[in-house]
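Peer 1:
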Amino acid sequence: MAGGGPARLRSPPSADPSGGRRARGSGTISAESRTYDSLPPLRRNKDFTVFWLGQALSVLGGSVSMLALPLLVLHATGSIVQMGLVTVVSAVTAIGTGIFAGYVVDRADRRRLMIACDLVRAVLLGAVPFVWWLAGPQIWLLYVLTALTSVLRTLFDVAYVTAIPNLVRTQDLTAANGRLMGTFALGSLLGPVVAGFLTAGVGADWALALDGATFLVSAASLGWVRFTPRPAGDGADRAGAADEAGMFREMFVVGLRFLWSHPLLRPLTVALTLLTFVTMGATDLLIYRVQHDLGRDAATLGYVIAVSGAGSVAAALGAGRLRRLFGFGTCWLASVAMIAVGVAVTGVSRSVPVIAALAAVSMFGMTLGGVCSMTLRQEVTPDHLLGRVTSAFWTVHNAAGPVGAAVLTLLASRHGVPAVSLAGGALCLLILGGALLTPLRGSRAGAATGGSGAPDREPAAGPSARA
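Written as structure tokens, this is what we have:
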């Protein structure tokens, strides 16, 4: 790396008035020494590669915790209710943190914030086996741990999304997001397997400690990554921040307003919120269908989940090329159609291979749509607002997920999985039909420019962009 070592994050102008950064063991590097336009292509981008590899290991560790923490609660209490309460604490804390996370990310040095989140999570998770050894199982500790790590995870994830445009060229955003999404999908597949072996071998508490160690690796990798802020938006972008009144409006409403005023991002946010209502519950329907309705064992369910994960990996790898060929609108609308077919067929078919194949189609659609929408947000949102816009989007559309899961599973218990799955697929088709009546239908963002999205950077409706 240039400069002989890791460089401190150069934050957006609103967060770093000095406009410079200091390399380890050297003097101040001028802002002009590394410009956004000089970033290398993705295949030669060492900063992104280091970032990607560091986060790949962190994702694997996080997937281990997703299984290890519930198992630790179950071993400590023997209560499924306690397991559910820990999940509720995690979800509620994440939604609450989403209200202010974007504000913090937009005001902070993003690289330092991510490193701090990693280090604190490493300490918290690493302490669990030692507390268990010294004082025995402490269920209250798990509630506190869940709440604190949920806050830190939300802050890190918002900063993570906003940092990617500071690592790669705009035309490489889709491919970069695809790599990261593919790594997440692969880690989500391997993590539970690793967690199972670790829990059986050394216990769930030490499995959590391993996750803590991966956060140390993530923090170290971030120390060797340089971030380069994108060019600042026009005066209209900054005017939105100047007239904000009140802390809540400053933290959250400005991002929501930004989403709502964009001609593409407004219908996209509404559609994704409705889609999340269906898709989170669809996972529970799939599990219930395979194990309860068809009477298959856990190994068969694991096979189905693994095949569906392969669809996610395939979409992540191909998202960049598909978006270059067909544009944002076509890719996103096609992803909704794939989700609709997958949700409907997996709930009515009695063939496990068919269910697995259609689950893979559904996951392909979810991942393709996720990569395309995240890339569009990064392309068209001014850097100094990207944290608040990301946070507002996640808070709004993620809130629909638990509600949808509760409604769909309740209806399935009364009317059966096939009927509810068909209704879910029909709702997805209605979402698709509604989207076809909006500017999403004709959006070619990123197609003509190899993913740059330049035609949509400053739309006529104003500086509020997000996907």
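Quick note: to get the numbering used here, add 44 to the position in the sequence shown (first position is 1).
Note that beta-carbon positions come from the ideal geometry of N, C-alpha and C, so glycine has one too.
Since the model is a prediction, treat every value here as computed from it, not as a measurement.
Beta-carbon separation of alanine 166 and glycine 247 under 8 Å?
Peer 2: Mapped onto the sequence shown, residue 166 falls at position 122. Mapped onto the sequence shown, residue 247 falls at position 203. In this structure, glycine 247 does not lie closer than 8 Å to alanine 166 by Cβ.
Peer 1: Report all residues from its chain with a CB closer than 7 Å to the CB of threonine 323; omit the five preceding and five following residues, and keep chain order.
Peer 2: Sequence index remark: in the sequence shown, residue 323 carries index 279 (1-based). If we look at threonine 323 and ignore the five residues flanking it on each side, its Cβ neighbours are Ile383, Met410.
Peer 1: Measure from the alpha carbon of alanine 456 to the alpha carbon of each residue in Thr327, Asp216, Leu473, Ala444, then state which is nearest.
Peer 2: Counting from 1 along the sequence shown, the entry for residue 456 is found at position 412. Closest by alpha carbon: Thr327.
Peer 1: Under 8 Å by Cβ, that's how I've got leucine 308 and proline 483 pegged, so tell me the actual separation to the nearest angstrom.
Peer 2: Stepping through the sequence shown from its first residue, residue 308 is reached at position 264. Stepping through the sequence shown from its first residue, residue 483 is reached at position 439. Indeed they touch by this definition, with Cβ atoms about 6 Å apart.
Peer 1: Glycine 478 and alanine 315: beta carbons closer than 8 Å?
Peer 2: Translated into the one-based positions of the sequence shown, residue 478 becomes position 434. Translated into the one-based positions of the sequence shown, residue 315 becomes position 271. Yes, these two residues count as a Cβ contact at 8 Å.
Peer 1: For a minimum of 4 consecutive residues, which ranges assigned as the alpha helix (DSSP H) are wholly contained in the region 139–183?
Peer 2: Counting whole runs of 4 or more residues, the region 139–183 contains the alpha helix (DSSP H) stretches 154–179.
Peer 1: For glycine 448 versus phenylalanine 321, is the C-beta distance shorter than 8 Å?
Peer 2: Here residue 448 refers to the residue found at position 404 when the sequence shown is read from its first residue. Here residue 321 refers to the residue found at position 277 when the sequence shown is read from its first residue. Result yes, Cβ atoms of glycine 448 and phenylalanine 321 sit closer than 8 Å.
Peer 1: The alpha helix (DSSP H) with aspartate 249 in it runs from where to where?
Peer 2: Start at 1 with the first residue of the sequence shown, and residue 249 comes out as number 205. That run of the alpha helix (DSSP H) goes 248–266.
Peer 1: Determine the direct distance from the alpha carbon of serine 395 to that of isoleucine 143, and round the result to whole angstroms.
Peer 2: Locating residue 143 in the sequence shown gives position 99, where the first residue counts as 1. Locating residue 395 in the sequence shown gives position 351, where the first residue counts as 1. Straight-line Cα distance between these residues: approximately 44 Å.
Peer 1: Three or more C-beta pairs closer than 8 Å, one from the region 459–476 and one from the region 345–352: is that the case here?
Peer 2: In short, these stretches do not touch, since the Cβ pair count stays below three.
Peer 1: Our contact map puts valine 392 next to serine 265 with C-beta atoms below 8 Å; I'd like the distance itself, whole angstroms only.
Peer 2: As a first step, residue 392 is located in the sequence shown; it is residue number 348 there, counting from the start. As a first step, residue 265 is located in the sequence shown; it is residue number 221 there, counting from the start. With a Cβ gap of about 45 Å, valine 392 and serine 265 do not count as contacting.
Peer 1: Pull up the distance between the alpha-carbon of phenylalanine 228 and that of valine 103, whole angstroms please.
Peer 2: One-based indexing of the sequence shown puts residue 228 at position 184. One-based indexing of the sequence shown puts residue 103 at position 59. Between phenylalanine 228 and valine 103, the C-alpha separation is close to 6 Å.
Peer 1: Grab the span of the alpha helix (DSSP H) containing threonine 411 for me, first residue to last.
Peer 2: Along the sequence shown, one-based indexing puts residue 411 at 367. Here the alpha helix (DSSP H) through threonine 411 covers 396–424.
Peer 1: Pick out whichever of Gly226, Thr439, Val464 has its Cα sitting closest to the Cα of leucine 101.
Peer 2: Looking up residue 101 in the sequence shown gives position 57. Comparing Cα-Cα distances from leucine 101 to each of Gly226, Thr439, Val464, the minimum goes to Gly226.
Peer 1: Thinking alanine 171 and threonine 137 are a contact (beta carbons under 8 Å), I'd like their distance in whole angstroms, please.
Peer 2: The residue labelled residue 171 in the question sits at position 127 within the sequence shown. The residue labelled residue 137 in the question sits at position 93 within the sequence shown. About 19 Å; that fails the 8 Å criterion.
Peer 1: Run the CB neighbour count on histidine 336, radius 10 Å, all protein chains shown included, and call it buried at 16 or more, exposed below.
Peer 2: In the sequence shown, the residue the question calls residue 336 occupies position 292. Its Cβ having fewer than 16 others within 10 Å, histidine 336 is exposed.
Peer 1: With a CB to CB cut of under 7 Å and the five nearest residues on each side skipped, what residues in its chain are close to aspartate 201?
Peer 2: As a first step, residue 201 must be located in the sequence shown, where it is residue number 157. Excluding positions up to five away in sequence, the list is empty.
Peer 1: Give the C-beta separation of glycine 140 and glycine 299 to the nearest angstrom, bearing in mind that I take them to be a contact with Cβ-Cβ under 8 Å.
Peer 2: For the purposes of this step, residue 140 is identified with residue 96 of the sequence shown, where counting begins at 1. For the purposes of this step, residue 299 is identified with residue 255 of the sequence shown, where counting begins at 1. That belief does not hold up - the Cβ atoms of glycine 140 and glycine 299 are roughly 15 Å apart, past 8 Å.
Peer 1: Tell me the rounded alpha-carbon separation between serine 109 and alanine 251.
Peer 2: As a first step, residue 109 must be located in the sequence shown, where it is residue number 65. As a first step, residue 251 must be located in the sequence shown, where it is residue number 207. Looking at the two C-alpha atoms, the distance is approximately 7 Å.
Peer 1: Less than 8 Å between the beta carbons of arginine 33 and glycine 373, yes or no?
Peer 2: As displayed, the chain neither begins before 45 nor continues past 511, which places residue 33 out of reach and without an answer.
Peer 1: Taking leucine 481 as the reference, which of Gly325, Pro426, Leu312, Val440 has the closest Cα?
Peer 2: Walking along the sequence shown from the start, residue 481 turns up at place 437. Ranking the options by Cα distance to leucine 481, first place goes to Leu312.
Peer 1: Tell me whether serine 82 is buried or exposed, calling it buried when 16 or more other Cβ atoms sit within 10 Å of its Cβ.
Peer 2: As a first step, residue 82 is located in the sequence shown; it is residue number 38 there, counting from the start. By the neighbour-count rule (16 or more Cβ atoms within 10 Å), serine 82 is not buried but exposed.
Peer 1: Which residue marks the beginning of the alpha helix (DSSP H) containing glycine 24, and which one marks its end?
Peer 2: The chain is shown only over 45 to 511; residue 24 falls outside these bounds and no answer can be derived.
Peer 1: In terms of alpha-carbon separation, which member of Asn221, Gly267, Leu242, Asp341 lies closest to arginine 154?
Peer 2: Start at 1 with the first residue of the sequence shown, and residue 154 comes out as number 110. For arginine 154, the nearest C-alpha among the options comes from Gly267.
Peer 1: Quick test of your reading: leucine 234 and serine 107, contact by CB under 8 Å. State the CB separation rounded to the nearest angstrom.
Peer 2: The count along the sequence shown starts at 1 and reaches residue 234 at position 190. The count along the sequence shown starts at 1 and reaches residue 107 at position 63. Contact flag correct, Cβ pair sits at about 7 Å.
Peer 1: Quick check: is any heavy atom of the ligand COA less than 7 Å from the C-beta of aspartate 341?
Peer 2: By its list of ligands, the structure shown contains no ligand whatsoever, and the ligand COA lies outside what it can speak to.
Peer 1: Once the 5 residues before and after methionine 407 are set aside, which same chain residues still bring their CB inside 6 Å of it?
Peer 2: Position 363 of the sequence shown, counting from 1, holds the residue named residue 407. Around methionine 407: Ser352, Gly355, Ser356.
Peer 1: With a CB to CB cut of under 8 Å and the five nearest residues on each side skipped, what residues in its chain are close to tyrosine 187?
Peer 2: Mapped onto the sequence shown, residue 187 falls at position 143. Leu129, Val130, Val133, listed in sequence order.
Peer 1: With DSSP as the reference, label serine 134 as helix, strand or coil.
Peer 2: Within the sequence shown, numbered from 1, the residue matching residue 134 stands at position 90. In the structure shown, serine 134 sits in a helix (DSSP, three-state: H, G or I).
Peer 1: Rounded to a whole number of angstroms, what is the C-alpha to C-alpha distance between arginine 301 and alanine 120?
Peer 2: Residue 301 sits at position 257 when you count from the first residue of the sequence shown. Residue 120 sits at position 76 when you count from the first residue of the sequence shown. For arginine 301 and alanine 120, the distance between alpha carbons rounds to 45 Å.
Peer 1: Quick check: the Cα distance between glycine 431 and glutamine 182, rounded to an integer number of angstroms?
Peer 2: The residue you call residue 431 lines up with position 387 of the sequence shown. The residue you call residue 182 lines up with position 138 of the sequence shown. Glycine 431 and glutamine 182: Cα-Cα distance of roughly 35 Å.
Peer 1: Straight-line CA distance for valine 212 to cysteine 416?
Peer 2: If you number the sequence shown from 1, residue 212 lands on position 168. If you number the sequence shown from 1, residue 416 lands on position 372. Their backbone Cα atoms lie some 16 Å apart in a straight line.
Peer 1: What does the alpha-carbon distance come out to for the pair aspartate 281 and aspartate 150?
Peer 2: Within the sequence shown, numbered from 1, the residue matching residue 281 stands at position 237. Within the sequence shown, numbered from 1, the residue matching residue 150 stands at position 106. The pLDDT assigned to aspartate 281 is 43, lower than 50, so where the model puts this residue is not dependable, and the model offers no usable value.
Peer 1: Sort Val148, Arg87, Leu113, Lys90 by Cα distance to threonine 434 and report the nearest one.
Peer 2: Reading the sequence shown from its first residue, position 390 is the one you call residue 434. Of the candidates Val148, Arg87, Leu113, Lys90, the one whose C-alpha sits nearest the C-alpha of threonine 434 is Val148.
Peer 1: Could one say the Cβ of glycine 325 lies closer than 8 Å to chain C's Cβ atoms, at least one of them?
Peer 2: Of the protein chains in the structure, only one exists, and it is not chain C.
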